[in-house]
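Okay, structure first, notes after.
Residue numbers (full-length UniProt numbering): 1 to 346.
The following block contains the structure:
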């Protein structure tokens, strides 16, 4: 699998290399939390997930400043960061991704395919056919790609015969401020484990804006990193696999807030294309947080918006630094008059 993946050499020192696999990265920022030099940057997770920005979740600020100590690779829950020494990948039990027991399926499997249908990462493949020995049963194989598995537990939860075993990377705590949340759905789309969703309300029923599935959550923190209004807080409370030198990593990760998402984008507008409809002004979660009437479609007080406004019938960026890089404005614009473009991280 890795042979088909893109990779970046983040840093090199003597006989060691720090390698980044963007396809494995989920934008959680766990590595950013652990880096002793503060040399890793994560941001624009929402825009990248939505396909609005051609970039990787993670980047190195200064490769020369990197110690190539490997702590970032040790805490990565998906194996998106790896250490090589003399050209060989270091895979001992001090690396979380390698210390976790691989998701496995035993002989009780009936190859029903529920795990394949539910896997949020599409890393399970089930082949099946009707038994040719006269018995009323399916035969086949259930293959789990352990390199892309994020250990969310969906497969084990739906398995009707308890044939699948999963070990999660973290225990944790997930909270959300209902008053701050603007229901922009960035977290829903970013979550690699499908652990956040919108409940369907019955007529006249009031439901919470977002609902969390604790049993699916791996407490990676990607949702909190991506939230444009900082409505979500995720804390890791335990590292679950048995690891070498686990205590050192726990000091860096447990009860620590997710890293601040760096503004790796800027908003670019095309005044000639803009229709002045104001859809982007209304849908912007940062705007909606500052003016509760906006979400209802009111475009009054044009000059008082937090991030986006309409002036003389054209879109106007008021405060670039307040952008949460969720991309809602670009998604709703009917004429591509506003977009997110990548900028250099300082």
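All residues carry an ideal CB built from backbone N, CA and C; glycine is no exception.
May I ask which residues mark the beginning and end of the beta strand (DSSP E) holding residue 83?
The count along the chain shown starts at 1 and reaches residue 83 at position 83. Unbroken beta strand (DSSP E) run through residue 83: 81 to 85.
Selected residue, minimal CA-CA separation from residue 329, among 178, 133, 284:
Counting from one through the chain shown, the residue named residue 329 turns up at place 329. Of the listed residues, the one whose Cα sits closest to residue 329 is 284.
Given this structure, state the Cα-to-Cα distance separating residue 60 from residue 35, to the nearest angstrom.
As a first step, residue 60 is located in the chain shown; it is residue number 60 there, counting from the start. As a first step, residue 35 is located in the chain shown; it is residue number 35 there, counting from the start. Roughly 11 Å between the two C-alpha positions.
Limits of the alpha helix (DSSP H) - the one that residue 57 falls within:
Position 57 of the chain shown, counted from the start, is the residue given in the question as residue 57. From DSSP, residue 57 is part of no alpha helix (DSSP H); its letter is neither H nor E.
Per-residue burial, residue 348 [other beta carbons within 10 Å of its own, 16 or more giving buried]:
As displayed, the chain neither begins before 1 nor continues past 346, which places residue 348 out of reach and without an answer.
With distances taken between CB atoms, is the gap from residue 146 to residue 124 smaller than 8 Å?
Indexing the chain shown from 1 puts residue 146 at position 146. Indexing the chain shown from 1 puts residue 124 at position 124. Contact: no.
Please classify residue 247: does DSSP put it in a helix, a strand, or coil?
Here residue 247 is taken as the residue at index 247 of the chain shown, counted from 1. Helix, per DSSP.
Residue 263 by DSSP, collapsed to three states: which one?
Taking the first residue of the chain shown as 1, we reach residue 263 at position 263. Reduced to three states, the DSSP call for residue 263 is coil.
Taking residue 48 as the reference, give the member of 189, 20, 11, 40 with the closest Cα.
Your numbering for residue 48 matches position 48 in the chain shown. Among 189, 20, 11, 40, the Cα nearest to that of residue 48 is on 189.
For residue 307, name the three-state secondary structure that DSSP assigns.
Translated into the one-based positions of the chain shown, residue 307 becomes position 307. If DSSP states are grouped into helix, strand and coil, residue 307 belongs with coil.
So what does DSSP say about residue 205, is it helix, strand or coil?
In the chain shown, counting from the first residue as 1, residue 205 sits at position 205. DSSP places residue 205 in coil when its eight states are reduced to three.
Given residue 25 as reference, the closest of 281, 193, 131 once Cα atoms are compared:
For the purposes of this step, residue 25 is identified with residue 25 of the chain shown, where counting begins at 1. Nearest option by C-alpha distance: 193.
Pull up the distance between the alpha-carbon of residue 11 and that of residue 64, whole angstroms please.
Position 11 of the chain shown, counted from the start, is the residue given in the question as residue 11. Position 64 of the chain shown, counted from the start, is the residue given in the question as residue 64. Rounded to whole angstroms, residue 11 to residue 64 spans 7 Å at the Cα level.
Whole angstroms are fine: how far does the CA of residue 7 sit from the CA of residue 135?
By one-based count along the chain shown, residue 135 stands at place 135. By one-based count along the chain shown, residue 7 stands at place 7. Distance between the alpha carbons of residue 135 and residue 7: 48 Å.
DSSP on residue 330, reduced to helix/strand/coil?
Position 330 of the chain shown, counting from 1, holds the residue named residue 330. If DSSP states are grouped into helix, strand and coil, residue 330 belongs with the helices.
Could you spell out where the alpha helix (DSSP H) holding residue 290 opens and where it closes?
Here residue 290 refers to the residue found at position 290 of the chain shown. Looking at the DSSP string, the run of the alpha helix (DSSP H) that includes residue 290 is 285 to 290.
Terminal residues of the alpha helix (DSSP H) in which residue 157 lies
For this step, residue 157 is matched to residue 157 along the chain shown. 154 to 158 is the span of the alpha helix (DSSP H), which, as asked, contains residue 157.
Simplified DSSP assignment, three categories, for residue 237
Translated into the one-based positions of the chain shown, residue 237 becomes position 237. Residue state, collapsed to three classes: strand.
With distances taken from CA atoms, which of 144, 16, 103 is nearest residue 88?
Here the question's residue 88 lines up with position 88 in the chain shown. Of 144, 16, 103, the residue nearest in Cα terms is 16.
Any chance you could list the alpha helix (DSSP H) runs of at least 4 consecutive residues sitting entirely within the stretch 89 to 164, in chain order?
96 to 99, 114 to 118, 154 to 158
Got a sec? Which residues, its chain only, sit under 8 Å from residue 99 by beta carbon, not counting five neighbours each side?
For this step, residue 99 is matched to residue 99 along the chain shown. Here the set comprises 93, 241, 242, 243, 244.
I need the DSSP call for residue 7, collapsed to helix, strand or coil.
As a first step, residue 7 must be located in the chain shown, where it is residue number 7. Residue state, collapsed to three classes: coil.
Give the DSSP-derived three-state secondary structure of residue 322 in the structure shown.
Against the chain shown, residue 322 aligns to sequence position 322. Here residue 322 sits in helix by DSSP.
With a threshold of 8 Å on Cβ separation, who are the neighbours of residue 66 within its own chain once the five nearest residues in sequence on each side are excluded?
As a working note, residue 66 is residue 66 in the chain shown. Closer than 8 Å at the Cβ level, and outside the excluded window around residue 66, lie 10, 11, 13, 18, 37, 39, 60.
In three-state DSSP terms, what is residue 218?
By 1-based counting over the chain shown, the position of residue 218 is 218. Coil, per DSSP.
Does the Cβ-Cβ distance between residue 220 and residue 186 come in under 8 Å?
For the purposes of this step, residue 220 is identified with residue 220 of the chain shown, where counting begins at 1. For the purposes of this step, residue 186 is identified with residue 186 of the chain shown, where counting begins at 1. No, these two residues do not count as a Cβ contact at 8 Å.
Assign residue 30 to one of three DSSP states: helix, strand, or coil.
On the chain shown, residue 30 is found 30 positions in, with the first residue counted as 1. Residue 30 falls in the helix class under three-state DSSP.
Taking all protein chains shown into account, decide if residue 265 is buried (16 or more other Cβ within 10 angstroms of its Cβ) or exposed.
Counting from one through the chain shown, the residue named residue 265 turns up at place 265. Buried: at least 16 other Cβ atoms inside 10 Å.
Consult DSSP for residue 340 and reduce its assignment to one of helix, strand or coil.
Within the chain shown, numbered from 1, the residue matching residue 340 stands at position 340. Three-state result, residue 340: strand.
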